[in-house]
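Using our numbering, you'd call the opening residue of the sequence shown number 1 and step up by one each time. Just so it is clear, CB atoms sit at the ideal spot from N, CA and C, and this is done for glycine as well. Structure, as structure tokens:
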Amino acid sequence: MKFNLNNLIRDNIKILQPYSSARDEFSGDAKIYLDANENAWGSPLTDAYNRYPDTEHSALKLAMGAIKKINKENIFIGNGSDEIIDLLQRAFCEPKIDKIIILPPTYGMYKVCANINNVEVKEVLLNKDFSLNTTAILAAIDEQTKMIFICSPNNPSGNLVDENQIELLLNSFNGIIVLDEAYIDFARTPGFVNKLTQFPNLVIIQTLSKAWGLASLRIGIAFASASIIQLLTKIKPPYNISKANQQLALQALQKQDQIKSQVTQTIKERNLLMDAMQLIEYIETTYPSEANFILIKIKTPSKLYNYLQSQGIIIRDRSQQPLCEGCVRITVGTTAENNILIQALNNFQ
Ligand SMILES: *Cc1c(COP(=O)(O)O)cnc(C)c1O
Numbered sequence: 001m002k003f004n005l006n007n008l009i010r011d012n013i014k015i016l017q018p019y020s021s022a023r024d025e026f027s028g029d030a031k032i033y034l035d036a037n038e039n040a041w042g043s044p045l046t047d048a049y050n051r052y053p054d055t056e057h058s059a060l061k062l063a064m065g066a067i068k069k070i071n072k073e074n075i076f077i078g079n080g081s082d083e084i085i086d087l088l089q090r091a092f093c094e095p096k097i098d099k100i101i102i103l104p105p106t107y108g109m110y111k112v113c114a115n116i117n118n119v120e121v122k123e124v125l126l127n128k129d130f131s132l133n134t135t136a137i138l139a140a141i142d143e144q145t146k147m148i149f150i151c152s153p154n155n156p157s158g159n160l161v162d163e164n165q166i167e168l169l170l171n172s173f174n175g176i177i178v179l180d181e182a183y184i185d186f187a188r189t190p191g192f193v194n195k196l197t198q199f200p201n202l203v204i205i206q207t208l209s210k211a212w213g214l215a216s217l218r219i220g221i222a223f224a225s226a227s228i229i230q231l232l233t234k235i236k237p238p239y240n241i242s243k244a245n246q247q248l249a250l251q252a253l254q255k256q257d258q259i260k261s262q263v264t265q266t267i268k269e270r271n272l273l274m275d276a277m278q279l280i281e282y283i284e285t286t287y288p289s290e291a292n293f294i295l296i297k298i299k300t301p302s303k304l305y306n307y308l309q310s311q312g313i314i315i316r317d318r319s320q321q322p323l324c325e326g327c328v329r330i331t332v333g334t335t336a337e338n339n340i341l342i343q344a345l346n347n348f349q
């Protein structure tokens with residue numbers, strides 16, 4: 001058995017003739033554009049948005065590539081990672097036939113996307129310490145398994161997944177491994193981006209929604225082999241990233257230093273919060289975190305949720321998730337916000 005990308009792609013996608021936009025058919029410079037039914041007079045705004053945006057996101061990919069030290073050909077930009085998760089499933093998973101494997105407790109969108117696309121989901125629980133149960137994962141793989149979603153650092157548990165275990169799966173599974181690194185900027189390790197060339201079946205997902213502070217712009221990124229990137233590009237909506245969002249994301253990428261110092265600050269605050277939480281008696285477990293949130297286990301999660309809400313603080317109740325009995329997830333805020341949080345946590349009985 002060997003990884004063969006062509007065998008994994010759905011037949012209808014293989015033969016798909018993609019939409020050819022006006023921008024695809026002519027991308028040079030001209031004096032007069034009368035090819036896309038745009039409003040030639042301009043926009044009712046200070047900036048001009050009357051022309052369709054770059055379908056290839058070239059400037060954004062170049063800037064991203066410079067930061068991640070990766071070629072443009074290995075980068076895909078999606079309207080949030082959520083769009084990328086959906087496109088991946090639509091490229092590879094035949095509805096009612098193919099399957100994906102997810103590893104709960106984890107990010108909810110993998111399963112929701114599969115449900116929308118009518119793709120079967122096999123769930124292999126993490127171990128009690130939120131590490132991977134590789135034996136069970138390998139046993140769950142069958143002929144129809146096209147994709148395994150691994151989230152590292154994992155949401156909601158906050159831990160990194162062991163790199164040797166990820167590599168074991170990459171080496172033994174002939175489908176696609178989707179490694180969701182939405183929180184990698186907060187972790188101690190650089191993640192898998194610099195290992196991309198070793199693994200033709202690896203797709204890494206990152207986002208500008210967390211560390212980069214751009215959740216409302218909806219910019220998700222996939223790093224993968226050029227063939228997988230071409231496949232995603234073939235099936236994406238042609239204008240999936242607006243011009244305004246491409247410009248704003250590009251401006252943000254010039255300010256990497258500012259983001260780096262915010263990340264440092266967040267990690268410092270996370271550690272202070274963990275220290276404070278460990279002194280609070282009713283908190284049974286404060287789980288170690290490599291992300292910008294902390295999972296804690298208590299006896300009365302919904303009572304705590306309601307109490308904090310009454311104090312104007314909203315957290316996430318995760319107690320209904322598998323292996324998360326009694327757990328709530330708390331995002332690391334600013335220093336001032338965290339101080340108010342700690343005070344409120346101390347006042348809760
Ligand atoms: C927040 C988050 C994302 C980000 O999704 P976007 O659509 O890019 O905002 C992706 N994966 C995980 C695990 C997340 O927690």
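Whole-angstrom distance between residue j and residue i, CA atom to CA atom
i      : j      : result
Arg316 : Ile166 : 28 Å
Val193 : Ala211 : 17 Å
Ser209 : Cys327 : 24 Å
Ile148 : Val124 : 10 Å
Ser342 : Arg318 : For the sequence presented, residue 342 should be read as Ile rather than Ser. Taking the straight line from one Cα to the other gives about 19 Å.
Asn347 : Phe223 : 45 Å
Tyr239 : Ala252 : 21 Å
Gln247 : Gln256 : 15 Å
Tyr107 : Ile150 : 9 Å
Leu60  : Ala48  : 19 Å
Thr197 : Asn4   : 15 Å
Val119 : Tyr305 : 34 Å
Lys69  : Ile205 : 15 Å
Ile313 : Ser227 : 46 Å
Asn71  : Leu202 : 16 Å
Leu8   : Ile235 : 15 Å
Arg10  : Ser81  : 21 Å
Lys297 : Glu281 : 11 Å
Phe130 : Gln17  : 43 Å
Leu308 : Ala336 : 16 Å
Lys195 : Asn171 : 13 Å
Sequence-distant residues of its chain with Cβ nearer than 6 Å to residue i (five each side left out)
i      : result
Arg23  : Tyr52, Thr55
Gly78  : Ile84, Gly220
Asn338 : Glu269, Leu273
Leu126 : Leu103
Gln366 : This structure cannot speak to residue 366, because the chain is shown only from 1 to 349.
Ala291 : Pro153, Gly158, Tyr183, Phe186
Asn245 : Leu217
Ile283 : Met277, Ile296, Ile298
Ser225 : Pro200
Residue i, DSSP secondary structure in three states
i      : result
Cys327 : strand
Cys93  : coil
Ile85  : helix
Asp142 : coil
Val263 : helix
Glu56  : coil
Phe293 : strand
Asp98  : coil
Glu281 : coil
Gly80  : coil
Thr300 : coil
Glu25  : helix
Val112 : helix
Thr46  : coil
Thr106 : coil
Thr286 : strand
Leu160 : coil
Ser310 : helix
Asp129 : coil
Short CB-CB distance (under 7 Å) between residue i and chain B
i      : result
Gln309 : The structure shown has no chain B; it contains just one protein chain.
Contacts around residue i, its chain only, beta-carbon distance under 8 Å, and the 5 residues preceding and following it disregarded
i      : result
Thr134 : Gln165, Leu168, Leu169
Glu38  : Asn50, Arg51, Tyr52
Ala66  : none
Pro95  : Asn117, Asn118, Val119
Leu214 : Leu208, Leu248, Ala249, Ala252
Ile100 : Gln89, Cys93, Tyr110, Ala114, Val119, Glu120, Val121, Lys122, Thr145, Lys146, Met147, Ile148, Phe149
Close Cβ partners of residue i (< 7 Å) along its chain, the five nearest in sequence each way excluded
i      : result
Thr233 : Phe76
Phe293 : Gly158, Arg329, Ile330, Thr331, Val332
Phe26  : Asp35
Pro322 : Pro104, Pro105, Leu125
Identified DSSP bridge partners for residue i
i      : result
Gln206 : Ile221
Asp317 : Val328
Ile75  : Phe223
Cys151 : Asp180
Lys122 : Ile101
- Query: At what residue ranges does the region 172-203 contain a whole run of the alpha helix (DSSP H), taking only runs of 4 or more?
  - Reply: If we require 4 residues or more, the region 172-203 turns out to have no alpha helix (DSSP H) run fully inside it.
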